[in-house]
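Residue numbers (my numbering), protein chains in the order written: chain R, 42 to 301; chain Z, 12 to 318; chain P, 53 to 545. A virtual CB, placed ideally from N, CA and C, is assigned to each residue, including glycine. This report refers to the structure that appears directly beneath it.
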């Protein structure tokens with residue numbers, strides 16, 4: 042077993058230990074051991090099919106949805122294995138939120154989209170619920186744009202707004218870890234810039250893990266970066282160091298666009 | 012300032028304790044609801060199995076070569092259902108031969124010219140409406156047009172025409188939606204190879220959509236063969252002891268068929284013994300099962316060949 | 053090269069031909085359903101009244117006597133069989149016989165002109181000369197006492213003929229005294245027979261001593277005056293609550309049939325839709341791919357079980373069970389009726405609903421499922437709050453499709469409804485229970501049963517087409533609505 046790659050002098054929010062995932066017998070992740078630092082933005086990069094999305098989805102057990110996925114290894118959140126039989130999935134998803142590649146607002150009003158989570162999880166109603174919704178929308182930098190039309194359908198928003206709505210929806214559940222699976226890949230450059238600013242802002246309060254295929258984006262927004270290839274972590278460290286002085290030849294080749 | 016709820020929550024033991032109180036109840040509700048859904052699903056399967064089992068139990072003793080081939084005897088109280096099976100199959104084959112080309116080409120027409128003009132949109136809506144029109148209405152229509160206006164009389168020919176009308180709309184819709192599933196990349200590829208539009212359709216799109224179309228055709232025929240209503244006034248005769256022969260004359264004569272035999276059989280209790288009715292039920296189910304099995308087989312084999 | 057071009061042309065021509073034929077068929081279907089029902093409007097409205105003079109203390113106090121001298125005034129359809137049978141009994145007894153009776157006489161006169169009365173042309177009724185109903189009708193009646201009559205008073209009584217309901221008659225029916233015998237003082241008499249279909253009125257005694265004096269008796273007139281056009285009358289009657297097309301005074305009120313069909317549809321769709329969606333949710337959200345692979349063909353098989361077979365099941369299993377439960381309390385002869393029909397209808401439509409609902413649920417993009425799951429919603433919450441709302445249009449389309457299918461399904465109703473047109477009655481719990489378990493009859497089975505015995509192109513035939521048209525228009529509306537929802541849901545079902 043490989044030693045867990047950790048960033049020294051950083052508290053760990055969530056860590057994987059020798060994590061392997063295979064779909065239909067084909068390995069997608071091979072023995073990944075990573076410790077994600079708390080209250081920082083971590084980016085996962087790598088060529089398509091390298092397993093970065095699989096790794097992200099393993100962190101809140103979204104891979105359970107896929108019928109023929111097999112998993113070995115452990116994922117520790119606050120010292121507990123989230124793949125433990127006794128773990129409460131609802132609670133896990135409450136603590137680890139996720140945003141997807143394509144904005145996926147529910148077919149209901151903006152307010153309802155954000156209110157759904159806190160109402161179900163915490164039984165909030167009335168004024169308290171309104172406050173939580175407003176708080177989440179403010180944090181997602183969407184409040185000023187939608188505060189007068191909260192009853193409008195979430196689907197009526199533009200793509201970038203929809204993605205921020207999804208972020209607000211996630212924040213309203215009060216997670217500690219935010220997973221983002223290529224959150225800007227379906228958006229135009231201006232929306233992308235807004236989301237990037239938002240991620241930077243969120244990184245101060247939350248543990249944010251972002252999968253991206255956009256190297257500049259990773260360099261702009263993240264404190265730490267992991268580079269994956271063929272289901273393995275090739276290199277892992279501070280973003281600046283990884284981009285400026287990569288330790289491995291593969292990393293350098295990838296960063297300079299020689300493949301991938 | 013806006014953080015009042017959040018910070019308040021954090022002081023009072025956190026969000027998690029609030030949520031934890033609800034988790035157990037939510038899990039219970041979930042288990043209850045989803046269990047109920049599963050139970051309904053299971054119940055449906057059991058229902059089918061029970062239906063088929065009961066019919067087999069009652070009908071199997073009657074089933075024999077004689078029963079399947081002999082005409083009824085002694086005023087319908089004995090003998091077999093040979094002419095009825097023969098008539099049902101005859102009706103179905105004729106409808107198959109007439110409805111398939113009409114339906115498939117109609118579907119091609121819709122898929123190709125689909126949403127382009129107001130006329131085609133109207134046609135699409137009409138076909139959709141006709142596909143859901145009750146069989147009894149087709150029966151009425153067949154009676155008015157084929158039997159009376161065209162002077163076919165109550166005959167096999169009128170039955171074929173009515174059944175064809177009944178089957179065509181659903182075949183059109185199935186063909187249309189099957190053609191819509193053909194990936195644009197495939198047809199683009201065909202066009203890029205220099206094939207004409209119709210060649211692309213014939214050589215690439217239709218073969219790709221064929222399993223779906225065939226399954227749909229067979230299923231709609233299965234529905235037609237079990238449906239007594241369209242042929243009720245147009246082709247059916249209850250009491251038939253005639254020899255099962257085929258000639259041009261057959262076209263102008265009414266035919267016996269299984270569904271009508273069954274319907275009359277137990278609306279007039281005491282004429283046809285229960286034993287024979289169960290046997291005829293089983294025969295009819297076997298006929299439709301055979302068609303269904305055919306559909307599943309076609310789908311399976313074609314899928315393997317093309318994918 | 054020319055072969056390719058020829059082939060192209062052929063495929064294209066076939067496509068156009070099929071499209072054209074399809075369009076033609078659609079137009080023809082719509083056209084013929086509308087035109088064939090015009091036979092319904094070529095109907096006559098028969099009416100019949102029994103009118104007789106009788107002693108005030110007669111044992112027939114509340115009924116009009118069947119005395120050979122009583123008159124039956126009626127107009128029927130032309131050329132029907134009933135007329136031939138009726139002729140034998142229409143003759144009044146011969147004058148010699150009559151003079152010997154101690155009786156009162158009410159006789160019909162063959163003419164409608166009071167100045168052309170002839171003593172040898174008196175009849176017991178007028179069925180010999182039916183006339184076209186829309187021209188209206190006018191009968192003359194002579195009423196007098198014979199010399200040997202012992203009583204000192206006499207009463208003119210009238211009542212509608214058996215099975216004739218004046219309320220169904222689109223005529224103003226008036227019984228009027230147009231002439232009293234010489235020397236008799238009497239107020240004018242004019243009775244609206246639709247308002248007062250049954251009754252009697254006392255007349256001063258007047259005896260005709262010789263045969264010549266017969267013509268001097270009370271002369272009454274029964275007038276039937278159309279109050280509306282035949283078309284309107286036909287339509288008005290079509291909306292009434294009595295369906296009895298084969299009796300002499302045929303009634304074509306389709307309301308009980310329509311209500312039965314609607315009730316059966318409502319009941320079975322209300323049962324099948326929630327159950328079907330529940331099973332579909334299980335299939336699309338919970339079941340493993342392997343179970344799903346088995347489930348679909350099984351559903352197809354269930355959906356393809358012929359409806360005659362399902363109907364037989366109802367007869368063998370459900371109807372007897374219902375009779376065991378309610379038979380004694382409600383005096384049922386069988387359990388066939390609305391409830392049995394609706395239950396079997398549910399079995400009939402359920403597999404289709406499950407299969408189509410599953411398609412509708414699968415059309416919901418996976419991203420919504422993932423989003424809801426990542427939010428920590430339990431499966432039940434995801435289904436209830438996200439999935440079902442997202443699939444709403446598709447599911448509504450499914451329910452509408454099921455409605456149209458059930459509404460037009462014929463064999464099950466034919467076999468299981470019991471065959472008696474009944475107005476639903478929900479005025480009390482007992483009545484409601486009775487409505488559910490007692491025999492009824494819907495539109496499709498009425499067409500199926502009666503088309504077998506009907507005379508082609510008769511009004512009855514036309515009315516069956518009119519029923520077909522009602523069914524067609526109802527299902528057409530539902531289908532088009534379903535089509536619109538289906539388009540909105542972007543599902544092809």
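Could you give the DSSP three-state label for residue i: helix, strand or coil?
i: residue 141 of chain R; result: coil
i: residue 254 of chain R; result: coil
i: residue 147 of chain Z; result: helix
i: residue 270 of chain R; result: strand
i: residue 133 of chain P; result: Model confidence at residue 133 of chain P stands at a pLDDT of 45, short of 50, so the residue's coordinates are unreliable and nothing is read from them.
i: residue 297 of chain P; result: coil
i: residue 171 of chain Z; result: helix
i: residue 125 of chain P; result: strand
i: residue 248 of chain R; result: strand
i: residue 108 of chain P; result: coil
i: residue 73 of chain R; result: strand
Whole-angstrom Cβ separation of residue i and residue j, contact assumed at under 8 Å?
i: residue 458 of chain P; j: residue 405 of chain P; result: Actually they are not in contact, since the Cβ atoms of residue 458 of chain P and residue 405 of chain P sit about 10 Å apart, beyond 8 Å.
i: residue 142 of chain R; j: residue 226 of chain R; result: 6 Å
i: residue 82 of chain R; j: residue 251 of chain R; result: 6 Å
i: residue 407 of chain P; j: residue 541 of chain P; result: Incorrect: roughly 15 Å between the Cβ atoms, too far for contact.
Does residue i have its Cβ less than 9 Å from a Cβ in chain R?
i: residue 438 of chain P; result: yes
i: residue 29 of chain Z; result: yes
i: residue 26 of chain Z; result: yes
i: residue 286 of chain Z; result: no
i: residue 421 of chain P; result: yes
i: residue 428 of chain P; result: yes
i: residue 38 of chain Z; result: yes
i: residue 433 of chain P; result: yes
i: residue 279 of chain Z; result: no
i: residue 442 of chain P; result: yes
Could you tell me whether the Cβ of residue i comes closer than 9 Å to any Cβ of chain P?
i: residue 68 of chain Z; result: no
i: residue 103 of chain Z; result: no
i: residue 145 of chain Z; result: yes
i: residue 171 of chain Z; result: no
i: residue 307 of chain Z; result: yes
i: residue 141 of chain R; result: yes
Residue i CB to nearest chain Z CB: under 9 Å?
i: residue 163 of chain R; result: yes
i: residue 80 of chain P; result: yes
i: residue 528 of chain P; result: yes
i: residue 129 of chain R; result: yes
i: residue 166 of chain R; result: no
i: residue 457 of chain P; result: yes
Identify the continuous alpha helix (DSSP H) that holds residue i and give its terminal residues.
i: residue 47 of chain Z; result: 25-70
i: residue 221 of chain R; result: Looking at the DSSP string, residue 221 of chain R is not in any alpha helix (DSSP H); the run it does join, the beta strand (DSSP E), is 218-222.
i: residue 176 of chain R; result: 167-180
i: residue 84 of chain P; result: 54-88
i: residue 283 of chain P; result: 282-290
i: residue 361 of chain P; result: 359-365
i: residue 498 of chain P; result: 495-503
What first and last residue would you give for the beta strand (DSSP E) that runs through residue i?
i: residue 277 of chain P; result: 270-278
i: residue 254 of chain P; result: 251-255
i: residue 242 of chain P; result: 242-244
i: residue 64 of chain R; result: 53-64
i: residue 239 of chain Z; result: Here residue 239 of chain Z belongs to no beta strand (DSSP E), and DSSP marks it neither H nor E.
Counting only Cβ pairs nearer than 7 Å, list the residues of chain B close to residue i.
i: residue 500 of chain P; result: This model lacks chain B altogether; the protein chains it does include are R, Z and P.
Runs of beta strand (DSSP E) lying entirely within the region 196-227 of chain P, each at least 3 residues, in chain order: 206-212
Alpha helix (DSSP H) runs contained entirely in the region 76-149 of chain R, provided each spans 4 or more residues: 93-99, 130-136
Within the region 409-434 of chain P, ranges of the alpha helix (DSSP H) (whole runs, at least 4 residues): 418-426
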